[in-house]
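Numbering-wise (the numbering used here), the sequence shown opens with residue 5 and increments by one. A virtual CB, placed ideally from N, CA and C, is assigned to each residue, including glycine. All figures in this text were calculated on a predicted structure; none of them were measured in a lab. Inspection log for the structure reproduced underneath, given as structure tokens.
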Amino acid sequence: MSETPQAPRFAARSASFIGLMLLAGRVLERLGAFGQILLIAAFLGSTTRADLYFIASIVPLTLGNVVGEALAAAVLPRAARDGEEGASRIFSAGLWIAAVTLTGLTLLYLVAVAIFVPRTMPAGTASLLPWLAYAPLGVFFGLGSYCAAPLLHYERYAWPALRGATATIVGFGLSALVLALGGGVVWIGLAISTGYGIALLLLLAELASIGRAALLRPPRPSAVGDVLALWRKLAASAASGVIGGQVFVLIERILTAPLGVGAVASISYARGVAYTPAILGQSIAAGVYPSVLRAHAAGERDFVRARFLSGLRLTLFVTAVSGAFLALFSSEIASVLFGRDEVTPESLHDVQRSLLAFSLALLGWMLTIYGSRLFGALDVFRGLILQEIVALAVYLAIVFPLREGFDVPGVALAFGIGQVAGGIFGMALVAVRLRVRSIGVLGGALAPAVVRSLPVVLALVAVKLGLDASAGTPDLVVAMLGALTAATMAFAALWRADWEELDSVRGFLRARRRPAAAPE
Numbered sequence: 005m006s007e008t009p010q011a012p013r014f015a016a017r018s019a020s021f022i023g024l025m026l027l028a029g030r031v032l033e034r035l036g037a038f039g040q041i042l043l044i045a046a047f048l049g050s051t052t053r054a055d056l057y058f059i060a061s062i063v064p065l066t067l068g069n070v071v072g073e074a075l076a077a078a079v080l081p082r083a084a085r086d087g088e089e090g091a092s093r094i095f096s097a098g099l100w101i102a103a104v105t106l107t108g109l110t111l112l113y114l115v116a117v118a119i120f121v122p123r124t125m126p127a128g129t130a131s132l133l134p135w136l137a138y139a140p141l142g143v144f145f146g147l148g149s150y151c152a153a154p155l156l157h158y159e160r161y162a163w164p165a166l167r168g169a170t171a172t173i174v175g176f177g178l179s180a181l182v183l184a185l186g187g188g189v190v191w192i193g194l195a196i197s198t199g200y201g202i203a204l205l206l207l208l209a210e211l212a213s214i215g216r217a218a219l220l221r222p223p224r225p226s227a228v229g230d231v232l233a234l235w236r237k238l239a240a241s242a243a244s245g246v247i248g249g250q251v252f253v254l255i256e257r258i259l260t261a262p263l264g265v266g267a268v269a270s271i272s273y274a275r276g277v278a279y280t281p282a283i284l285g286q287s288i289a290a291g292v293y294p295s296v297l298r299a300h301a302a303g304e305r306d307f308v309r310a311r312f313l314s315g316l317r318l319t320l321f322v323t324a325v326s327g328a329f330l331a332l333f334s335s336e337i338a339s340v341l342f343g344r345d346e347v348t349p350e351s352l353h354d355v356q357r358s359l360l361a362f363s364l365a366l367l368g369w370m371l372t373i374y375g376s377r378l379f380g381a382l383d384v385f386r387g388l389i390l391q392e393i394v395a396l397a398v399y400l401a402i403v404f405p406l407r408e409g410f411d412v413p414g415v416a417l418a419f420g421i422g423q424v425a426g427g428i429f430g431m432a433l434v435a436v437r438l439r440v441r442s443i444g445v446l447g448g449a450l451a452p453a454v455v456r457s458l459p460v461v462l463a464l465v466a467v468k469l470g471l472d473a474s475a476g477t478p479d480l481v482v483a484m485l486g487a488l489t490a491a492t493m494a495f496a497a498l499w500r501a502d503w504e505e506l507d508s509v510r511g512f513l514r515a516r517r518r519p520a521a522a523p524e
């Protein structure tokens, strides 16, 4: 085990530093999102108003995610190859294209809302106000996603990591305020939109503070043409975002809506909880991305292979631990978070079973998140859409019989199986692209992850069996003991692991434990 980690290559910061920075931001973001979910559960429960909250936000979030992330993913590899001036002009053109595109799509969306909502009355209301309140999300979320790209290029990692946290925490605080004052779904939408707007303003201020205010100026036509010339990559990235980001959620809500009042809310509550550990996968992928992007541009294939395997190994480890925790303690987690009068016993049971089903989806989420970052860094954008097409095809093939047999949890289970299929396919594509044989993936990533995670999983099983045997233990205590076991055992397993990707973290912690040298 290396005591002194090597200096990071191809990036000013190590993958561990970047990953931990993003992890801190993601943890804060999920806290805000958790607070939002608990607010909705406490005030709206399993009602048509809760369903309206989830339905009215889906399209704006889809637009923002697809356009912003697609443009960011397409321009970053080009900027890594271009010089300083070339990167600046590309980023400026991309920002203006994002602004115009998002504004235009949002206006078209509002036209569609004005036509169809009064006729169809989703969630039992013909009012346009909820849809208008959530509409700005598309512009604010999309521009915020794009603005993170130039900041990452210039290695300013703080605000890209904190943008989501700012949006969700501000949105949560304002939502709590308006609900306390008697507001409803419309005011919640305005509160959430305000949170994303403030996050965007902070990102723009950060760009200005590092001397990149020129990115806000109107670009030259030639720069716009250069970005539009990346249309194939943009289309692949956008299609991937449409399918993998929100289309799954949209289909899921369409399929669960006929299953009864509160069905959409139940599966959405479970999804929100189950997706939380994915922040670990996002952090690992984000930590690997900058160095792989630059190493690939420099033709350092051996470095890229090593980074691929080390990142996959760590991703599989955290997936095994967090997935086992969700599966074993799903009932207690759901009861603690949603076991209140506003949520009916039937809906709570659906949340518990859906959370168990979504624990399988966590593996698929982790693999597709990691694969998406790698496809972008390797400039292989068709891989983005291929892995999502596989996931969607498997999902559509099995969701209807599973829904018929298992109701709401069956829809969640179908999603999990589809995501796992897409994630495995994506990893296979990356391995083929990098010429890493299956034995290399097995020995360099899968086997070490299984060996390290197995004692942690067995400890979780033992804790769960022991707590189940002692009747009367409160659900909160059971869930907390499970989380504590998972965290401490995982930390111990990783601390002893001879994995180079952890050297910088161990070195940092050891340095903090050493007493300061006495002054001479």
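In or out: residue i buried (at least 16 other Cβ within 10 Å) or exposed?
i, result
"aspartate 411", "buried"
"proline 222", "exposed"
"proline 525", "No statement about residue 525 is possible, as the shown extent of the chain runs from 5 to 524 and does not include it."
"leucine 232", "exposed"
"valine 104", "exposed"
"arginine 441", "exposed"
"methionine 25", "buried"
"glycine 23", "buried"
"glycine 108", "exposed"
"aspartate 1", "In the structure as shown, the chain starts at 5 and stops at 524, and residue 1 therefore has no counterpart that could be examined."
"serine 226", "exposed"
"glutamate 504", "exposed"
"glycine 476", "exposed"
"proline 281", "buried"
"tryptophan 191", "buried"
"arginine 439", "exposed"
"arginine 1", "Look at the range of the chain in this structure, 5 to 524, and you will see that residue 1 is not part of it."
"valine 545", "There is no way to answer for residue 545, as the model of the chain reaches only from 5 to 524."
"glycine 186", "exposed"
"arginine 236", "exposed"
Taking Cβ positions, are residue i and residue j nearer each other than 8 angstroms?
i, j, result
"isoleucine 59", "valine 268", "yes"
"arginine 407", "leucine 259", "yes"
"glycine 148", "glycine 229", "no"
"serine 419", "glutamate 256", "Before going on, a small fix: residue 419 reads as phenylalanine here, not serine. Cβ atoms of phenylalanine 419 and glutamate 256: closer than 8 angstroms."
"threonine 170", "isoleucine 202", "yes"
"isoleucine 62", "valine 79", "no"
"alanine 28", "arginine 344", "no"
"glycine 430", "leucine 371", "yes"
"aspartate 383", "proline 81", "yes"
"leucine 433", "glycine 387", "yes"
"alanine 299", "valine 308", "yes"
"leucine 332", "isoleucine 288", "no"
"phenylalanine 145", "asparagine 69", "yes"
"valine 529", "arginine 53", "No statement about residue 529 is possible, as the shown extent of the chain runs from 5 to 524 and does not include it."
"valine 340", "leucine 480", "yes"
"leucine 141", "proline 262", "no"
"glycine 193", "proline 122", "no"
"serine 351", "glycine 409", "no"
"tyrosine 279", "valine 355", "no"
"phenylalanine 2", "alanine 416", "Outside the modelled stretch of the chain, which goes from 5 to 524, sits residue 2, for which no answer is possible."
"glycine 49", "valine 347", "yes"
"alanine 162", "leucine 207", "no"
"serine 197", "alanine 102", "no"
"isoleucine 402", "isoleucine 421", "yes"
"serine 131", "leucine 219", "no"
Taking residue i and residue j to be in contact with their CB atoms under 8 angstroms, please state how far apart those CB atoms are, rounded to whole angstroms.
i, j, result
"glycine 175", "alanine 195", "6 angstroms"
"leucine 464", "threonine 489", "6 angstroms"
"leucine 571", "serine 334", "This structure gives no information on residue 571, because the portion of the chain shown stretches from 5 to 524."
"glutamate 392", "glycine 426", "6 angstroms"
"alanine 604", "phenylalanine 329", "For residue 604 there is no data in the structure shown, the boundaries of the chain being 5 and 524."
"alanine 483", "glutamate 336", "4 angstroms"
"tyrosine 113", "leucine 56", "Not quite, the Cβ-Cβ distance comes to about 16 angstroms (not below 8 angstroms), so this is no contact."
"arginine 83", "tyrosine 150", "It is worth fixing the name first, because residue 83 is alanine in this sequence and not arginine. That belief does not hold up - the Cβ atoms of alanine 83 and tyrosine 150 are roughly 12 angstroms apart, past 8 angstroms."
"isoleucine 2", "arginine 34", "Here the chain has residues from 5 to 524 only, and residue 2 is not among them."
"glycine 168", "arginine 30", "7 angstroms"
"serine 270", "phenylalanine 385", "Incorrect: roughly 36 angstroms between the Cβ atoms, too far for contact."
"alanine 301", "arginine 160", "Not confirmed; about 20 angstroms, so no contact."
Just checking: is the beta-carbon of residue i within a distance shorter than 8 angstroms of some beta-carbon in chain D?
i, result
"alanine 299", "Structure shown: chain D not included; a single protein chain is present."
Practice task
Would you list, in sequence order, the uninterrupted alpha helix (DSSP H) runs of no fewer than 4 residues that lie entirely inside the stretch 428-477?
Solution key: 442-445 and 451-473
Practice task
Count the CB pairs spanning the stretch 445-460 and the stretch 497-508 that are closer than 8 angstroms, and state whether there are at least three.
Solution key: yes
Handout entry: Runs of alpha helix (DSSP H) wholly within the stretch 151-200 (minimum 4 residues, chain order)
Key = 162-184
Problem - At least 3 beta-carbon pairs within less than 8 angstroms: the stretch 377-394 vs the stretch 449-456 - result: no
Practice task
Taking 8 angstroms as the threshold, find out whether the stretch 32-45 comes into contact with the stretch 111-126 through three or more Cβ pairs.
Solution key: no
Exercise for the section: Please go through the stretch 394-432 and give each complete alpha helix (DSSP H) segment of 4 or more residues, from N-terminal end onward. Expected result: none
Exercise for the section: Report the residue ranges of all alpha helix (DSSP H) runs contained in full by the stretch 245-327; include only those spanning at least 4 residues, in chain order. Expected result: 252-260, 267-278 and 282-301
Exercise for the section: Mind listing, in chain order, the continuous alpha helix (DSSP H) runs of no fewer than 4 residues lying wholly within the stretch 71-156? Expected result: 88-124 and 133-138
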